[in-house]
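Taking it in order: structure first as structure tokens, then the write-up.
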Amino acid sequence: MPKNINIQIFITLILLIATIAFFQWSRADITLQDFFYDFATQSWLIDKQEPIMRFFLYRGLKIVLVLFAVSILFSLWFFRKKRFIKEYRKGLIVILLSMMLVPATVGTLKTTTKIPCPHDIVHYGGSYPDVKVLDAYPKDFLHKSNVRCWPAGHASGGFALMSLYFLFKTPKNKKRALIVAIVIGWIMGLYKMLLGDHYLSHTIVTMLLSWLLILIVVKIVYRKDKSLEKVA
0 MPKNINIQIF
10 ITLILLIATI
20 AFFQWSRADI
30 TLQDFFYDFA
40 TQSWLIDKQE
50 PIMRFFLYRG
60 LKIVLVLFAV
70 SILFSLWFFR
80 KKRFIKEYRK
90 GLIVILLSMM
100 LVPATVGTLK
110 TTTKIPCPHD
120 IVHYGGSYPD
130 VKVLDAYPKD
140 FLHKSNVRCW
150 PAGHASGGFA
160 LMSLYFLFKT
170 PKNKKRALIV
180 AIVIGWIMGL
190 YKMLLGDHYL
200 SHTIVTMLLS
210 WLLILIVVKI
220 VYRKDKSLEK
230 VA
């Protein structure tokens with residue numbers, strides 16, 4: 000099992016709580032988001048229906064991530080006796096479980112919290128109040144649509160790739176994998192911010208939550224594997 004996994008989980012949890020608290024009681028999200036919105040034309044920096052960017056940064060990336068997860072599952076099942084798969088089995092399992100658990104958890108939170116996107120709130124021409132995750136809606140407010148924008152769902156697939164860190168053996172390759180995954184996650188997150196679907200806090204929370212879930216998956220996988228070795 001990776002060293003200091005419990006300490007890493009604790010630190011990540013504290014950072015996650017601190018991030019939620021900071022953005023809850025500050026106007027940092029709105030201040031930054033204003034730079035992405037043209038109040039004169041009531042439009043966002045990126046048009047959501049722009050086909051090229053939508054394909055490469057939304058649909059295309061989703062397809063690639065799904066195919067990547069399927070390829071890992073396929074390899075673990077059909078090539079499980081191959082030397083390479085045996086050597087990297089734990090890392091591959093961590094990646095596969097992370098790519099399922101992270102988006103599923105974020106999706107559940109989005110449905111449960113029912114937080115509006117930037118484009119939904121009155122400040123940006125919408126009809127919703129600026130409600131944050133720890134706020135309650137005004138008693139007389141009527142929901143006109145099913146909003147679910149906290150945390151950032153699209154970026155969760157990219158940040159789930161941070162699990163690649165636990166696939167590689169050398170510190171250099173681990174760091175490279177982690178950096179690439181973080182860059183992919185932020186590309187996906189920034190795209191959604193620039194078209195008014197998410198705030199900065201949504202993306203940061205998703206990144207920290209993703210890492211927390213990955214660490215928990217790592218702890219479970221390594222502990223389970225150790226137990227099986229003892230039985231064998």
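Residues 0 to 231, numbered by numbering that gives the first Met the number 0, are exactly what the sequence shown covers, in order. In this text, a Cβ means the ideal position worked out from N, Cα and C, and glycines have one as well.
* Which value, in whole angstroms, describes the spacing of the CA atoms of K85 and R79? -> 6 Å
* By how many angstroms is the C-alpha of F165 removed from the C-alpha of L212? -> 13 Å
* How is the alpha helix (DSSP H) around L24 delimited, first residue to last? -> The sequence as given places Trp at residue 24; Leu does not occur at that position. No alpha helix (DSSP H) contains W24, which DSSP labels as neither H nor E.
* **Touch test, the stretch 112–124 against the stretch 138–153, Cβ-Cβ under 8 Å, three pairs minimum** => yes
* Sorted by chain position, which residues of the same chain lie with C-beta nearer than 6 Å to Y127's C-beta, five sequence neighbours on each side aside? -> P115, D119 and I120
* **Closest by C-alpha distance to R175, when choosing among V65, G188, K81 and M161** => M161
* Asked: So T104 is in the alpha helix (DSSP H); what residue range does that whole segment cover?
  -> R88 to T112
* **Span separating the alpha-carbon of I186 from that of L56** => 8 Å
* **Straight-line Cα distance separating A27 from T18** => 11 Å
* Reference A135; option with closest CA among Q23, Q41, G106 and I16 -> Q23
* Using only alpha-carbon positions, find the residue among H142, W43 and V93 that is nearest to Y221. => V93
* Using 10 angstroms around the beta-carbon of S144, count the other beta-carbons present and answer buried if the total reaches 16, otherwise exposed. => exposed
* Extent of the continuous alpha helix (DSSP H) run through F77 -> G59 to F77
* Closest Cα partner of M192 within the set L64, F83, S42 and L15 -> S42
* Cβ pair L91, I71 closer than 9 Å -> yes
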